[in-house]
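Heads up, the sequence shown is in the numbering used here, so the first residue is 4 and it goes up one at a time. Virtual Cβ for every residue (Gly too), placed ideally from N, Cα, C. Remember, it's a predicted structure, so these values are computed and weren't measured experimentally. Here the structure is laid out as C-alpha cells; the discussion comes afterwards.
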Amino acid sequence: MKKILSMLLLFGAVAYGQNGIPTDYFSNPLDINLVLAGNFGEMRANHFHSGLDLKTEQREGLPVYAPADGYVSRINVQHYGYGKALYILHPNGYTTVYGHLRSFAGDIEKYVKDTQYNKETFELELFPDQSLLPVKKGDLIAYTGNTGGSGGPHLHFEIRDSSQRPMNPLLFGIEIPDSKKPIVSAIFAYPIGEDAHVNQGQNRTKLRMIKQKDGNYKTEDIKAFGKIGFGITTYDQQDGASNKNGAYSIETRFNGTEKFKVLFDKFSFSETRYLNRYTDYNYYETNKSMVQKLFRETNNPLSIIIEEDENGYITVQDSLQSIYTIEVNDFNGNRMYISVPIEGAKLEILEPKNIEKTDDFIYADHATSITKGKWSIYIPANSLYEDTYLNIKDEGDVLKFHEDLIPIHSNISITADISSYNEADRDKLYIGRLNYRGQPYYTSTTRNGDKLTAKTRTFGSYTIASDTNAPTIKPVNFSDGKWISNQNFLQLKITDDLSGISSYRATINEKFILMEYDYKKDVLTYNFNDNVNLETENNLKVIVIDNVGNSATFEAKFFRKQP
C-alpha cells in the first residue's frame with residue numbers, strides 16, 4: 004500500500020497551512036519511503052532547483068502514481084533537460100510535474116507513442132485536451148527512469164501554482180525525516196566602496212570559523228570599516244542520505260537588527276538565472292563551491308529575498324564594537340548559528356581591490372559592439388549585471404573573450420569572418436568554445452554568406468573549427484545477417500567527435516521506427532514492443548547527421564521469428 008504524504012481529514016476535507024496552501028491534498032507519487040537526492044531551491048549551474056529529487060533505490064522502473072485527481076495537461080519528451088516529463092493539472096489549480104521518466108503508463112504511453120509515430124519524431128511537446136487523459140488519485144501514470152539530464156535514477160517531482168511558478172513541495176505536507184542541523188563550511192566578507200576594508204584588505208576575505216561547544220560557530224574577530232557584505236557556503240542533509248542539499252532559509256542580523264532574509268518557498272522560472280547574481284560566480288568557477296551573497300546587488304530581482312535592510316549590507320563605524328549573526332534553517336527547524344565579532348577600525352588599506360583595467364570597458368545598461376580582427380562581438384544591454392572591464396584579444400582563428408569568471412545573463416553574439424576560407428570548406432565550419440584541453444566544443448552556429456554567428460552566455464576562448472568527419476554508427480547487440488528473435492531491443496552506438504549529433508532517423512523495411520537517443524551513453528534504442536509490422540527478413544537503415552551536416556548511413560539485415 005502506498006505510503007501517504009499527508010493523511011486526508013475526515014469526510015475528505017482538506018487541511019490548509021500558512022498562506023492557504025493545502026497540506027492534505029497530495030499523496031506520495033512513489034510507493035516507497037521518501038529519501039531526497041535534491042531539495043527545492045538548491046543551487047545548480049545557472050538555476051535554482053525547482054522541485055524535489057526523490058531517490059528510487061538506484062533503480063529505474065518504479066511505478067509513479069497520481070497524487071490527486073486531475074488531467075494530463077502537458078507531455079514533454081526531449082533528449083536533454085527533464086527527458087520524458089509529465090504534467091498533471093489538478094482541480095485546485097496546482098500542477099504536479101514528473102521528470103526523467105523511463106516511460107509513461109497505460110493510455111498516456113499509447114497516446115505518446117502514437118503521436119511519435121504519426122509525426123515520425125522522438126522529441127515532442129503535447130498539450131492534451133482536458134477530456135483526453137483524465138487521472139484519478141492513485142492511478143498509475145508512469146515509471147521512474149534516468150532520461151534527459153539526470154545524473155542517476157530518480158524522480159524529479161514539482162508542484163507549481165496557477166501561474167506555473169514552482170513551489171516548495173514540503174509546504175504541502177510532505178514529510179522528510181530530518182534531525183540534522185544545516186552545515187556551514189565557509190563564511191566570507193566583501194568590502195564595498197572605496198574606503199571599506201576587512202583586515203586592511205578590499206577583496207573577498209574568507210573568515211576562519213571556530214566551532215563552539217553547542218555545535219554553532221563564531222568566526223575570528225575581524226577589524227573592518229565602511230560598507231560590508233557577507234557570504235556563506237552552506238548545505239543541508241536529511242536523515243538516511245548523504246546528499247548535500249540546499250538550506251531552507253538564511254537570516255542575518257547586525258547588532259540585533261534584521262538585515263537580510265532569504266526563504267526558499269517559491270520562485271518563477273523567469274528569475275531563476277539571477278542565481279548567477281545572487282551567488283559569487285567568480286568563486287564558484289574557481290573553486291567549484293557555491294557562495295550565497297547575503298546582500299542584494301543591483302540587477303538582482305530575486306523574490307526569494309523576503310526581508311532586507313540597506314540591501315543586506317552593514318556599515319561598520321570606526322572605534323565601535325559590533326556583532327553580525329547568520330542563522331541557517333532547514334524546513335524541519337534545525338538551525339545553525341554563526342556570529343562574526345567586528346571591531347570598527349579605519350586602518351590603512353594594505354591590499355587594495357583587484358581591478359584589471361583593459362581597453363574594453365562595458366556599461367551594463369548599454370548595448371556594445373566590439374571588433375577584434377576577424378571577430379565581431381555584440382553585447383546587448385543588460386547582458387551583464389554590472390559595468391566591467393573585459394579582456395578581449397584576437398589571435399587569428401581564436402578569440403580570447405575574457406575568462407569565465409563573471410556571469411552573462413542574456414545571450415551575446417560572436418561573429419567570425421570566414422571569407423579567407425575556400426567556399427567549398429565553409430559549410431563545414433562552426434564556432435566552438437575551447438575546453439581546458441584546447442579542444443573546440445560546438446556552440447550553436449548559423450552561417451550567413453561569409454559570416455558565422457554563435458550566441459553564448461559563457462566567457463572563454465572561441466575558435467573557428469572545421470568538421471569534415473561523418474558520425475560513426477556501430478551495432479551494440481546484433482550483427483548483420485544474424486537472427487535476433489530473443490531480443491527485446493535493438494541498439495546502436497552513435498558518436499561524433501567534433502560538432503556533435505544533430506539528428507537521426509531509422510527505418511526497418513522502409514518503415515519509420517522510433518529510436519530513443521541516450522546522449523549520456525551515445526546509444527540509440529528501438530523497442531520491439533512498438534509492434535511495427537516486421538517480417539522474418541528485415542532491413543534496418545539508420546541515418547545520423549552531425550551539427551554541420553555530415554551524414555553517415557548504417558544498413559544491416561536481421562531475422563526474427565514471426566509470432
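Local conformation of residue i per DSSP, three classes
i: Asn-202; result: coil
i: Ala-427; result: helix
i: Glu-288; result: helix
i: Leu-437; result: strand
i: Thr-275; result: helix
i: Phe-481; result: coil
i: Gly-148; result: strand
i: Asn-171; result: coil
i: Asn-248; result: strand
i: Glu-313; result: helix
i: Gly-280; result: The displayed chain sequence assigns Arg, not Gly, to residue 280. Of the three classes helix, strand and coil, the one that applies to Arg-280 here is helix, per DSSP.
i: Asn-451; result: strand
i: His-23; result: The sequence given here has Gly at residue 23, not His. Reduced to three states, the DSSP call for Gly-23 is helix.
i: Asp-397; result: strand
i: Gln-215; result: coil
i: Glu-261; result: strand
i: His-157; result: strand
i: Arg-318; result: The amino acid at residue 318 is misidentified as Arg; the sequence shows Thr. Residue state, collapsed to three classes: strand.
i: Phe-14; result: Caution is warranted here: a pLDDT of 29 is assigned to Phe-14, below 50, making its placement in the model unreliable, and no coordinate value can be reported.
i: Asp-420; result: strand
i: Thr-446; result: coil
Beta carbon of residue i nearer than 8 angstroms to that of residue j
i: Ile-186; j: Tyr-251; result: no
i: Ile-415; j: Ile-365; result: no
i: Leu-210; j: Ile-253; result: no
i: Thr-528; j: Gln-494; result: yes
i: Phe-125; j: Glu-519; result: yes
i: Ile-326; j: Asn-219; result: no
i: Ile-190; j: Phe-233; result: yes
i: Ala-509; j: Lys-544; result: yes
i: Arg-276; j: His-412; result: yes
i: Tyr-114; j: Leu-136; result: yes
i: Ala-69; j: Lys-140; result: yes
i: Ile-434; j: Tyr-465; result: yes
i: Gly-463; j: Asp-407; result: yes
i: Glu-310; j: Glu-261; result: yes
i: Pro-383; j: Ala-367; result: no
i: Tyr-424; j: Arg-436; result: no
i: Gly-84; j: Gly-152; result: yes
i: Phe-267; j: Ile-307; result: yes
Contact test: residue i Cβ vs the ligand ATP heavy atom, cutoff 7 angstroms
i: Thr-461; result: No copy of the ligand ATP occurs in the structure displayed, which carries no ligand at all.
Sequence-distant residues of the same chain with beta carbon closer than 8 angstroms to residue i, five excluded per side
i: Leu-65; result: Leu-33, Asp-34, Ile-35, Thr-59, Tyr-146, Thr-147, Leu-158
i: Lys-116; result: Leu-517, Asp-533
i: Asp-480; result: Residue identity differs from the one stated: residue 480 is Asn in this sequence, not Asp. Only Ile-487, Gln-490, Phe-492, Leu-493, Gln-494 meet the Cβ criterion.
i: Glu-351; result: Gln-203
Beta-carbon proximity list for residue i, same chain, < 6 angstroms, skipping 5 on both sides
i: Ser-469; result: Lys-431, Leu-432
i: Thr-418; result: Ser-379, Lys-454, Thr-456
i: His-82; result: Tyr-520, Tyr-522
i: Lys-87; result: Val-80, Leu-104, Thr-150
i: Thr-556; result: Ile-546
i: Gln-241; result: Leu-39, Ile-179, Asp-181
i: Tyr-193; result: Arg-207, Gly-232
i: Ile-188; result: It should be noted that the sequence gives Ser, not Ile, for residue 188. Closer than 6 angstroms at the Cβ level, and outside the excluded window around Ser-188, lie Thr-236.
i: Thr-475; result: Thr-498
i: Leu-353; result: Gln-203
i: Gly-102; result: Tyr-85, Ala-88, His-159
Close beta carbons around residue i, own chain, < 7 angstroms, minus the five adjacent residues each side
i: Arg-163; result: Tyr-97, Thr-98, Val-100, Pro-169, Met-170
i: Asp-3; result: Since the first and last residues shown for the chain are 4 and 566, residue 3 lies out of range.
i: Lys-524; result: none
i: Thr-282; result: Met-46, Met-293, Val-294, Gln-295, Lys-296
Whole-number beta carbon distance between residue j and residue i, since they are thought to touch under 8 angstroms
i: Asn-357; j: Asn-206; result: 6 angstroms
i: Ile-421; j: Ile-467; result: 6 angstroms
i: Thr-301; j: Glu-161; result: Going by Cβ atoms, the distance from Thr-301 to Glu-161 rounds to 31 angstroms, so no, they are not a contact pair.
i: Asn-541; j: Lys-564; result: Not confirmed; about 12 angstroms, so no contact.
i: Val-535; j: Ile-511; result: 6 angstroms
i: Asp-549; j: Ser-502; result: 5 angstroms
i: Leu-143; j: Gly-109; result: 7 angstroms
i: Asp-198; j: Gly-229; result: 5 angstroms
i: Lys-221; j: Ile-213; result: 5 angstroms
i: Lys-360; j: Tyr-392; result: 6 angstroms
Could I get the ranges of all uninterrupted alpha helix (DSSP H) runs contained in the stretch 69-130, with 4 residues as the minimum, in chain order?
109-122
Starting from the N-terminal side, write out each stretch of the beta strand (DSSP E) that is 3 residues or longer and does not extend beyond the stretch 494-550.
504-511, 514-516, 518-521, 526-530, 540-549
In chain order, what are the residue ranges of uninterrupted alpha helix (DSSP H) at least 4 long that sit wholly in the stretch 25-59?
none
Within the stretch 320-389, ranges of the beta strand (DSSP E) (whole runs, at least 3 residues)
324-332, 338-347, 363-365, 371-375, 378-382
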